[in-house]
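**Student:**
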Amino acid sequence: MSQTTDAFAADPEATTIGTAWSTEDGAGRARDLFAEHIGGTPDGVWAAPGRVNVIGEHTDYNNGFCLPIALPHRTYVAARRRDDDKVVLVSQLADSILSWEGTLDEIAPGSVNGWQAYTAGVAWALREAGYGIGGFEAALVTCVPLGAGLSSSAAVECGVGLALADLYDLGLSDSDAGRTDLVNAARAAENEVAGAPTGGLDQTASLRTTDGHALLLDCDDWSVRQVPFDLDAAGLELLVIDTRASHRLVDGQYEARRRACESACRILGVASLREVGDLGAALSALDDEEMASRVRHVVTENDRVTQFAKLVDAGRIREVGPLMDASHDSLRDDYEVTCPELDTAVDAARAAGVLGARMTGGGFGGCAIALVDRDVCNDAARQVVKAFRDAGFTHPDLYVVTPGPAALRVQ
Ligand code: ADP
Ligand code: MG
Numbered sequence: 001m002s003q004t005t006d007a008f009a010a011d012p013e014a015t016t017i018g019t020a021w022s023t024e025d026g027a028g029r030a031r032d033l034f035a036e037h038i039g040g041t042p043d044g045v046w047a048a049p050g051r052v053n054v055i056g057e058h059t060d061y062n063n064g065f066c067l068p069i070a071l072p073h074r075t076y077v078a079a080r081r082r083d084d085d086k087v088v089l090v091s092q093l094a095d096s097i098l099s100w101e102g103t104l105d106e107i108a109p110g111s112v113n114g115w116q117a118y119t120a121g122v123a124w125a126l127r128e129a130g131y132g133i134g135g136f137e138a139a140l141v142t143c144v145p146l147g148a149g150l151s152s153s154a155a156v157e158c159g160v161g162l163a164l165a166d167l168y169d170l171g172l173s174d175s176d177a178g179r180t181d182l183v184n185a186a187r188a189a190e191n192e193v194a195g196a197p198t199g200g201l202d203q204t205a206s207l208r209t210t211d212g213h214a215l216l217l218d219c220d221d222w223s224v225r226q227v228p229f230d231l232d233a234a235g236l237e238l239l240v241i242d243t244r245a246s247h248r249l250v251d252g253q254y255e256a257r258r259r260a261c262e263s264a265c266r267i268l269g270v271a272s273l274r275e276v277g278d279l280g281a282a283l284s285a286l287d288d289e290e291m292a293s294r295v296r297h298v299v300t301e302n303d304r305v306t307q308f309a310k311l312v313d314a315g316r317i318r319e320v321g322p323l324m325d326a327s328h329d330s331l332r333d334d335y336e337v338t339c340p341e342l343d344t345a346v347d348a349a350r351a352a353g354v355l356g357a358r359m360t361g362g363g364f365g366g367c368a369i370a371l372v373d374r375d376v377c378n379d380a381a382r383q384v385v386k387a388f389r390d391a392g393f394t395h396p397d398l399y400v401v402t403p404g405p406a407a408l409r410v411q
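The opening position of the sequence shown corresponds to residue 1 in UniProt numbering, with each subsequent residue numbered one higher.
#1: Classify S246: buried if its beta carbon has 16 or more other beta carbons within 10 angstroms, exposed otherwise.
#2: On a CA-only basis, which of L238, L216 and C377 is nearest P228? Give me that one, please.
#3: Looking at S151 and the ligand SAM, is the gap between the Cβ and the nearest heavy atom below 6 Å?
#4: Is the beta carbon of A154 sitting closer than 7 Å to the one on D211?
#5: Buried or exposed: which applies to A47, given that a residue is buried once 16 or more other Cβ atoms fall within 10 Å of its Cβ?
#6: Taking R266 as the reference, give the member of A139, L286 and G280 with the closest Cα.
#7: For a test of your reading of the model: does the CB of W115 fall under 6 Å from any non-hydrogen atom of the ligand ADP? Yes or no.
#8: Just the C-alpha distance for H297 and T344, rounded to the nearest angstrom, thanks.
#9: Specify the secondary structure class of T394 as computed by DSSP and reduced to three states.
#10: Below 8 Å, how does it come out for the segment 74-92 and the segment 26-34: are there three or more Cβ pairs, yes or no?
#11: With distances taken Cα to Cα, identify the nearest neighbour of T300 among E262, T360, D95 and D329.
#12: I want to check one thing, is the minimum distance from the CB of S360 to the heavy atoms of the ligand ADP below 6 Å?
#13: Do the segment 85-98 and the segment 36-46 meet, that is, are 3 or more Cβ pairs less than 8 Å apart?
#14: Suppose only complete runs of 4+ residues qualify. What are the alpha helix (DSSP H) ranges in the segment 74-161, listed by chain order?
#15: Do the segment 136-145 and the segment 182-198 make contact, defined as three or more Cβ pairs closer than 8 Å?
#16: Of all the options L323, L126 and V346, which has the alpha carbon lying nearest to the alpha carbon of T306?
#17: Starting from D176, trace the alpha helix (DSSP H) in both directions and tell me its first and last residue.
#18: Given the structure, does Y118 come close to the ligand ADP, in the sense that its CB is under 6 Å from one of the ligand's heavy atoms?
#19: Whose C-beta lies closer than 8 Å to the C-beta of C377 among residues of the same chain, with five residues either side of it excluded?
#20: Report the CB separation of D85 from G135 in whole angstroms; it is logged as a contact under 8 Å.
#21: With distances taken Cα to Cα, identify the nearest neighbour of E157 among T119, Q253 and G356.
#22: Check the C-beta distance from F364 over to V337 and give it rounded, since I have them as a contact under 8 Å.
#23: Does any heavy atom of the ligand ADP sit closer than 6 Å to the C-beta of T75?
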């Protein structure tokens, strides 16, 4: 559960720590939207989480390791099966209501755009994968912040995908293999319909995590291992700082990093950077200094994820801070995907005495996270807000999160 901290309410200079909706609240909102804009009652309500990646950044498309958790912040989908091929979608985002009506055959790359690509696009991807689905109606509400790097896009894709799987008895919801098929459909919607060239981390985190655990994901074969992540027992909090700096994954920078990694693979003669065993030898084989820095980030980051999981497995969660710090520094100096807001958030959190802090997500804006002792959390949040104010940045949004369940049917 997310928490609201009284000390913040008492201090107008600071900010409240954002709370996720309860399951009942989220499902009720989705049902109300369904009743008002579609009419009648849905066949069910599904909820799919956003995610925060604890460590392992820009490793997914390099066949490496990541360690995400599912957020308590989720997208709720109230949906009903239809007897024809019509698709009716409604989504409430803050005060605006988005709606779309069409038929299954009208949904394809290039013919649906924007938010419809992430929602209707999943129906296209499931049909492409050979699943027999018909028409449906869906009403969506969300408390996942949009465009903050917490993967509202995967939450919406996975919520719609799981709803369709259940409405049409595709047999995908109850097994990890079935959920992996849903991951692929959700990812295809994002890559091919929305045109965002992201890896499969976000959708895997939304569909294959377990309550109370982080997910050690091997992006080489997409195998997963659930790593118990009991922050509470260790007296710790995970503070998420949404810098609200605009996050532009599709503007070419992300693509440029991917291309640099691919070029490095060609020069090094490996299928992916995952295969680089001897970092020193790889670096000396690369003339291009920038390319070498990108490789150094990916190879050292994979190593940090492995070390992080080992420490957590051994009950040494309080010792992971330096790995988080090193991850951020590598993303700042070698991969060059941070920005002044992310660096300020991390520096201020560290100065307040957190165990470790790093940017998370694609970078160039979005969120930072800090692992922090429970009794230091408020002060760390306050210091971050103060640093943002001093730098003249937009007020950050703050969340305290613990690992929640993967996407599931809630009603
Ligand atoms: P992030 O995944 O980090 O939040 P993205 O840019 O990948 O940011 O995805 C945000 C986009 O996903 C939104 O602009 C919107 O098109 C779509 N989206 C996310 N949640 C919803 C929702 N509940 N309803 C409709 N579209 C959504
Ligand atoms: Mg996204």
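No residue lacks a Cβ here, since even glycine has one placed at the ideal position from N, Cα and C.
All values reported here derive from a predicted model rather than from experimental measurement.
**Tutor:** Concretely, from the data shown:
#1: By 1-based counting over the sequence shown, the position of residue 246 is 246. Counting the other CB atoms within 10 Å of its CB gives S246 a total below 16, which places it among the exposed residues.
#2: Position 228 of the sequence shown, counted from the start, is the residue given in the question as residue 228. Nearest C-alpha to P228: L216.
#3: Within the structure as shown, the ligand SAM is missing, the only ligands being the ligand ADP and the ligand MG.
#4: Residue numbering aside, residue 154 sits at position 154 when the sequence shown is read from its first letter. Residue numbering aside, residue 211 sits at position 211 when the sequence shown is read from its first letter. Not a contact, by the Cβ cut-off of 7 Å.
#5: Against the sequence shown, residue 47 aligns to sequence position 47. It counts as buried.
#6: As a position in the sequence shown, residue 266 is number 266, starting the count at 1. When only C-alpha atoms are compared, the closest one is L286.
#7: Sequence index remark: in the sequence shown, residue 115 carries index 115 (1-based). Within the cutoff, so yes.
#8: Here residue 297 is taken as the residue at index 297 of the sequence shown, counted from 1. Here residue 344 is taken as the residue at index 344 of the sequence shown, counted from 1. If you take the alpha carbons of H297 and T344, they lie about 21 Å apart.
#9: Locating residue 394 in the sequence shown gives position 394, counting from the first residue. Reduced to three states, the DSSP call for T394 is coil.
#10: Result yes; three or more Cβ-Cβ pairs closer than 8 Å.
#11: What you label residue 300 is simply residue 300 of the sequence shown in a count that begins at 1. Out of E262, T360, D95 and D329, D329 has the C-alpha closest to the C-alpha of T300.
#12: Taking the first residue of the sequence shown as 1, we reach residue 360 at position 360. A small correction: the amino acid at residue 360 is Thr; Ser does not occupy that position in the sequence shown. No, the beta carbon of T360 sits no closer than 6 Å to any heavy atom of the ligand ADP.
#13: yes
#14: 115-128
#15: no
#16: Stepping through the sequence shown from its first residue, residue 306 is reached at position 306. Of the listed residues, the one whose Cα sits closest to T306 is L323.
#17: In the sequence shown, the residue the question calls residue 176 occupies position 176. D176 to A188 is the span of the alpha helix (DSSP H), which, as asked, contains D176.
#18: Position 118 of the sequence shown, counted from the first residue, corresponds to residue 118. Y118: yes, Cβ under 6 Å from the ligand ADP.
#19: Your numbering for residue 377 matches position 377 in the sequence shown. Hits under 8 Å: T5, E237, L239 and V400.
#20: Indexing the sequence shown from 1 puts residue 85 at position 85. Indexing the sequence shown from 1 puts residue 135 at position 135. 5 Å between Cβ atoms; contact.
#21: As a working mapping, residue 157 is identified with position 157 in the sequence shown. E157 has its Cα closest to that of T119, out of T119, Q253 and G356.
#22: Locating residue 364 in the sequence shown gives position 364, where the first residue counts as 1. Locating residue 337 in the sequence shown gives position 337, where the first residue counts as 1. With a Cβ gap of about 6 Å, F364 and V337 count as contacting.
#23: Here residue 75 refers to the residue found at position 75 when the sequence shown is read from its first residue. At a cut-off of 6 Å, the beta-carbon of T75 counts as near the ligand ADP: some heavy atom of the ligand is closer than that.
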